[in-house]
Amino acid sequence: MALGKSLILASVISNTALAQDAFNPKFFDYKSNGIIDRIVDFSFGWNKKLSDQQKFAYHQSIIHALEYAENGDKVKWYKNNASGYSVPVLTWPKSNGYCRRLHLNVIAYNKQKSMAVSACYSNLNSNWTWYRE
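In the working numbering, the protein residues as written are 725 to 857.
Written out as structure tokens, the structure is:
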């Protein structure tokens, strides 16, 4: 059942802009607003993203934090020189389920990315979906 929820969550997440950031963080930043500088920055940084193995470990930490971790408990991961954690910080009831606020942290390519996201679980259809704030 947890695997089914996880697959549903991943498919729902992959369809949103929030999902792009949360489920596939990028590790390069534009240094300038000039078009030439952006092209150079992009050409040297486009491949700075998590590998499939790293993404799998990262995704598993998010899913485990949503479904099993207590508020404040870090679900840590490490894979091939990338690491991070997912930590639920708040859980609240919803009419047909509950929602959780997660803080996500990833370190790769000597850069750290952090973000906060919320997901809600529905008892009616056993699905997780991102909560838009």
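We put the CB at the ideal spot given by N, CA and C, even for glycine.
{"Query": "Give the list of continuous beta strand (DSSP E) stretches no shorter than 3 residues that lie fully inside the stretch 763-830.", "Result": "799-803, 806-818"}
{"Query": "Tell me the DSSP secondary structure of Tyr845 in three-state form.", "Result": "strand"}
{"Query": "Is the Cβ-Cβ distance between Ser842 and Trp852 less than 8 Å?", "Result": "no"}
{"Query": "Beta carbon of Asn804, beta carbon of Ser775: below 8 Å?", "Result": "yes"}
{"Query": "Is Ile787 near the ligand MG, in the sense that its beta carbon is under 7 Å from a heavy atom of that ligand?", "Result": "Although the ligand MG was asked about, the structure shown includes no ligands whatsoever."}
{"Query": "Buried or exposed: Leu828, going by 16 or more other Cβ atoms within 10 Å of its Cβ?", "Result": "buried"}
{"Query": "Shortest alpha-carbon distance to Glu794 belongs to which of Gln778, Tyr782, Arg825?", "Result": "Arg825"}
{"Query": "Using DSSP with H/G/I as helix, E/B as strand and the rest coil, what is Ser838?", "Result": "strand"}
{"Query": "Under 8 Å by Cβ, that's how I've got Tyr792 and Lys800 pegged, so tell me the actual separation to the nearest angstrom.", "Result": "The Cβ separation is near 14 Å, so there is no contact."}
{"Query": "Whose CA, out of Ala789, Tyr822, Ile831, lies closest to the CA of Asn849?", "Result": "Tyr822"}
{"Query": "Are Tyr782 and Val830 touching if we call contact CB-CB under 8 Å?", "Result": "yes"}
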